[in-house]
Amino acid sequence: MAATAFLAAFALWYPGALFAQAGGLQLSLLVAAVDVTLGPVLTTIVFKPGKKGLGFDLLVIGALQCLALAYGLSVLFEARPVYIAFVKDRFELVRAEDIPAPQLASAGEWARFSLTGPRFVGVRMPTDPRQQFEVMVSGIAGLDVQYFPKYYVRYDEVRRDVTSHAAPIERLRALNPAKAATIDRIVSGSGRAEASLGFLPMRAGPRDLTVIVDKDRGDIVEVTALSPWKL
Numbered sequence: 290m291a292a293t294a295f296l297a298a299f300a301l302w303y304p305g306a307l308f309a310q311a312g313g314l315q316l317s318l319l320v321a322a323v324d325v326t327l328g329p330v331l332t333t334i335v336f337k338p339g340k341k342g343l344g345f346d347l348l349v350i351g352a353l354q355c356l357a358l359a360y361g362l363s364v365l366f367e368a369r370p371v372y373i374a375f376v377k378d379r380f381e382l383v384r385a386e387d388i389p390a391p392q393l394a395s396a397g398e399w400a401r402f403s404l405t406g407p408r409f410v411g412v413r414m415p416t417d418p419r420q421q422f423e424v425m426v427s428g429i430a431g432l433d434v435q436y437f438p439k440y441y442v443r444y445d446e447v448r449r450d451v452t453s454h455a456a457p458i459e460r461l462r463a464l465n466p467a468k469a470a471t472i473d474r475i476v477s478g479s480g481r482a483e484a485s486l487g488f489l490p491m492r493a494g495p496r497d498l499t500v501i502v503d504k505d506r507g508d509i510v511e512v513t514a515l516s517p518w519k520l
């Protein structure tokens, strides 16, 4: 049951590199460790052949395991990435739990989170001085503009900005000299010439990721665990 649930989380909520790099794997292992050990440990404690009420005890243990699994899945669900937002010159990973409830009230269509992986969007900085001040103050407090869905726009509207900021794959190779085979696989799998591809950084929490894009059209090619920075 746990394996089936986590396979669904991997396929839907944390696709591709996000499962290992955005917390999905760590949370899954933690929940599995608790849930899988909970039953055997408690069963070892209560099990005595012929004990009166043993069936009820085992039923309770099974229920506790199901509750632990349900809680773990709810944590995975709330922490799942729902948006990958392009802001100025980079991408930002936004989780469901990152967006404050008051911001969802004015989010319009962006208040409906996807259940099948994050959506790529753009962010347009506000032009109204009052809103600019609001974003600045929130940023100082740690709530940056990507957590304000009311400033989201469709990804098509920022494609030109994405292509203008994309760095060449040659630069990515220099930043990841030990990952040449991985880069070759991405280029080959894209069906494009290497010169037509570029990359941008994506802030994703403990470890930043890399977004490979088409330098001409701004199409998203792949999100990868390659480093976008000089180590």
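For the sequence shown, the numbering used here gives the first residue as 290, with consecutive numbering after it.
Note that CB positions come from ideal geometry on N, CA and C, so glycine has one too.
Just so you know, these numbers come straight off a predicted model, no measurement behind them.
Boundaries of the beta strand (DSSP E) around residue 384: 379-384. Taking one beta carbon from each stretch, the region 408-415 and the region 345-356 have fewer than 3 pairs nearer than 8 angstroms; the two do not touch. Beta-carbon to beta-carbon, residue 404 and residue 368 are separated by about 14 angstroms, too far to satisfy the 8 angstroms threshold. Scanning its chain for C-beta atoms nearer than 6 angstroms, with the 5 sequence neighbours on each side dropped, one finds around residue 458 the residues 483, 486, in chain order. The beta carbons of residue 488 and residue 471 sit about 12 angstroms from each other, so the pair does not count as a contact at 8 angstroms.
Around the CB of residue 342, fewer than 16 other CB atoms lie within 10 Å, so the residue is classed as exposed. Under the three-state reduction of DSSP output, residue 474 falls in the helix class. Taking one beta carbon from each stretch, the region 444-451 and the region 387-404 have fewer than 3 pairs nearer than 8 angstroms; the two do not touch. Residue 477 is not a Cβ neighbour of residue 510, given a cutoff of 9 angstroms. Secondary structure at residue 450: helix, using DSSP grouped into helix, strand and coil.
When secondary structure is reduced to three states using DSSP, residue 498 falls in the strand class. In the three-state reduction of the DSSP assignment, residue 361 falls in the helix class.
Separation of residue 303 and residue 310 (C-alpha to C-alpha, rounded to the nearest whole angstrom) is 9 angstroms. Residue 419 carries a helical assignment under DSSP once its states are collapsed to helix, strand and coil. The continuous alpha helix (DSSP H) containing residue 460 extends over residues 458-464. Bounds of the beta strand (DSSP E) holding residue 374 are 370-376.
Around the C-beta of residue 407, 16 or more other C-beta atoms lie within 10 Å, and the residue is accordingly described as buried. Note on geometry: alpha-carbon atoms of residue 347 and residue 494 lie some 40 angstroms from one another. Annotated three-state conformation of residue 307 is helix, per DSSP. Between residue 519 and residue 464, the CB-CB gap stays under 9 angstroms.
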